[in-house]
Amino acid sequence: MMACAWTRWLQVAILCHLAPADRVFRYRSYRETHDFFEDLKRRYPDIVEIWYAQDIFPEILPEKKSWGTCEGEPCKTLIVRIANKRLLTNSTPEVFFSGALHGDERVGPLTVTELAAFLCERYATNEQVRRLVDYRATWIMPMTNAHGYANRRRDENQMDPNRDFPYLQQPDRCMRTQTARAVNELFRRHLFQFMITFHGGMRALTYEWGSRNHMTKKRTRSTEPPDDTAFREVGEAIQAAAGKTLTRRWFYPLGRINDLVYPVEGGMEDWSYAAGWESSPMPITVCRPNTYGGYAEERTKYRHNSISTLVYLAEMDDYKTVPDSKLGHSEEIWSLGVSQGHVPRNLRMCLKLIELTRPEVVVLPPKLPAAVGAGSSISVEVYGFGCHEMSVRLLAVPSSLLLPGCQVEDALQEQVLVRSTKLADMKSTCQGLTLWQEKQHMVALQGSLPAGQLCLLVAAEFDARWAQQSAPDPHGPPRSHAARMRLEERYTAQASDGPMRIESRRTKLFAVHREAINAQAAMASQEPAASSHDALDNEEKVPMPAVQPAKVQIPIPTTAAPASEASSATSTAVALHLSDLKDAPTMDLVAVAAVSFLLSFLVGLALLACRRHEAHSVKANTKDAQTTAELARIVGKSPHVVEL
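According to mature numbering (1 follows the signal peptide of the UniProt record, and there is no 0), the stretch in the sequence shown is residues -21 to -1, 1 to 623, in order.
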């Protein structure tokens, strides 16, 4: 165990010298963007995957002919996924970013490209970034309108992609573009909880509704969507993450599309929110286009509740393409300054949205007395991640009801809750990402142990306010995946095509540690022993991993030490504040080379020593490993397409 701890420390010591340097953002051409992502996949093969829509979705281009020229070559629509491939399951929470539906609005493609780079480059050295990549899947179309971007045009072959979606559109006037078809096929295979579509030409951060069928009788204002509270609270969170503008120091104006922009027919925004639950063929159109060899009308018929995304339209600037001097540089991402460029501001907005895709409780190593018994006092510190507010309870559960590692089998969750003993409860604001702000909203749950062989769990409910409504149009409860998985006792959803599904409960359970506690009877009450992190006020507390309550359980992150390991050692290892690695001092190149060689050698020796120790945890994760065929199935590859 000590060898493994030293291995992790030595690996971090090497990585601190490899943190990316500050760089000024600049626009990339169509070809440069493709090359960038191909290189990113080469450097980070475990977390980056790329596809081309015309290859994996042959139904969008049945004639298999070139549909446009992009910088001297046939156009291809690039699709990128950032996620830990080893931990992917068919229920990994998903979020989507569209760089540019309009090809002449060029800040969005650069923003989502730099978002991918940030997630990859900081994955090894920042615990919170690692959490975003390990337990969420981020899907990106950098140049959604590839033809328009390459040719610096708004449209695709004289067709506007953001009037081409099957919402209040004529059957022969939707799904005409490769842009819309590629997005449609991706949404048929996935269950995106959140999405940002980037635009330019004004400044606004907007949400539903954005069509004429959802306006007041006098056609002056938008009506209220069923998810209005969720739209507003999430919008305020990502608005705050973006911060103020470079010049006038204003936040993004926030509101409904109909109120701040204008209503349209065939917009991606209303379609991606309501295609899974509004009626068809009106307003959800069944499309019959004749461009590019046609497109089957079945592709715009959707499984009920499949497409229900909380989508934001981000109008980034009054100019569609801002000067290079207003793009910013990479170090601006780490603070909420008032004189920052467009890319760091909007990149932070994306990071916040990725976080909110999975509400969870992060559990810190618990404080246990030296001798544990019935009546012993215990204190567990937690914080909320991926949420706005939470209601949490500390529970003691007979270990016989749980799987090894104090994990909860989905079928037994009700029994676990009934037979548990509540030790403490509390309501709190969630802390969330602290990459650009100070830590806050840590909650201490304190109680006394009952007798028995016990596991400690934290039960949590999130964002109950999202159920609040005034006059929803249409009438009914919230409809988005993000809201329903927080509000409904049990929520399931299935993609129109492929295996992706959501299986979630309102009450989510998280293990405090991975070994049961034997609380002997008739023990005197004792104060919890102070853990080592109490004496280290300036050090980061290493979070314990959360246990996924769904039927397909997500493996525990390798970055968090088991509670048994932390409590049995006579002195706990000091946690390195990984988020500070960007500020690590540089060394002379010769010294760096020498130190890196020595550390690499020591890492190799330590890895041999801890291989046996880690073998068990590796076995526990193999059930979630994805083969190449399974990965292809997740993206929805047609059976006759050559393996990617």
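Heads up, the beta-carbon is just placed ideally off N, CA and C, and yes, glycines get one too.
Predicted, not measured: the structure shown is a model, and the values here were computed from it.
Please state whether DSSP places residue i in a helix, a strand or coil.
i	result
residue 431	strand
residue 128	helix
residue 321	helix
residue 118	strand
residue 203	strand
residue 99	helix
residue 561	The predicted model places residue 561 with a pLDDT of 38, which falls under 50 and marks its position as unreliable; any figure quoted below should be read in that light. Helix.
residue 627	Residue 627 is absent from the model: the chain starts at -21 and stops at 623.
residue 356	strand
residue 400	strand
residue -2	coil
residue 56	coil
residue 163	helix
residue 286	coil
residue 420	coil
residue 304	helix
residue 329	helix
residue 450	coil
Taking the alpha-carbon positions, what's the residue i to residue j distance?
i	j	result
residue 122	residue 477	25 Å
residue 407	residue 395	24 Å
residue 212	residue 102	28 Å
residue 462	residue 339	14 Å
residue 423	residue 405	9 Å
residue 334	residue 95	14 Å
residue 393	residue 380	11 Å
residue 210	residue 466	15 Å
residue 475	residue 283	8 Å
residue 71	residue 391	21 Å
residue 359	residue 312	32 Å
residue 370	residue 362	11 Å
residue 87	residue 301	11 Å
residue 107	residue 469	28 Å
residue 483	residue 52	45 Å
residue 105	residue 309	16 Å
residue 43	residue 417	53 Å
residue 170	residue 154	20 Å
residue 290	residue 456	18 Å
residue 373	residue 298	52 Å
residue 377	residue 435	9 Å
residue 268	residue 152	6 Å
Measure the CB-CB distance between residue i and residue j and report whether it falls below 8 Å.
i	j	result
residue 175	residue 328	yes
residue 114	residue 337	yes
residue 69	residue 480	yes
residue 127	residue 179	no
residue 433	residue 375	yes
residue 38	residue 275	yes
residue 237	residue 201	yes
residue 266	residue 145	yes
residue 56	residue 157	yes
residue 428	residue 496	yes
residue 245	residue 389	no
residue 491	residue 345	yes
residue 489	residue 366	no
Here's a check: name, in chain order, each residue in its chain whose Cβ is nearer than 6 Å to the Cβ of residue i, leaving out the five neighbours to either side.
i	result
residue 10	50
residue 29	16, 20 and 59
residue 307	4, 319, 320, 322 and 323
residue -2	100
residue 439	340, 369, 371 and 487
Within 10 angstroms of the Cβ of residue i, are there 16 or more other Cβ atoms? Answer buried if so, exposed if not.
i	result
residue 48	exposed
residue 294	buried
residue 248	buried
residue 172	buried
residue 562	Low local confidence applies: a pLDDT of 39 at residue 562 is under 50, so the model's placement there is unreliable, and no value is given.
residue 272	exposed
residue 454	exposed
residue 397	exposed
residue 41	exposed
residue 399	buried
For residue i, would you say it is in contact with chain B, using Cβ-to-Cβ distances shorter than 8 Å as the test?
i	result
residue 231	In the displayed structure, chain B is absent; only one protein chain is listed.
Give me, in chain order, the residues of the same chain whose beta-carbon lies closer than 8 Å to that of residue i; leave out the 5 immediate sequence neighbours on both sides.
i	result
residue 240	181, 183, 185, 189, 292 and 294
residue 232	182, 183, 184 and 239
residue 207	448, 449 and 451
residue 116	60, 61, 62, 67, 71, 72, 73 and 74
Report all residues from its chain with a CB closer than 7 Å to the CB of residue i; omit the five preceding and five following residues, and keep chain order.
i	result
residue 419	410
residue 92	7, 12, 15 and 121
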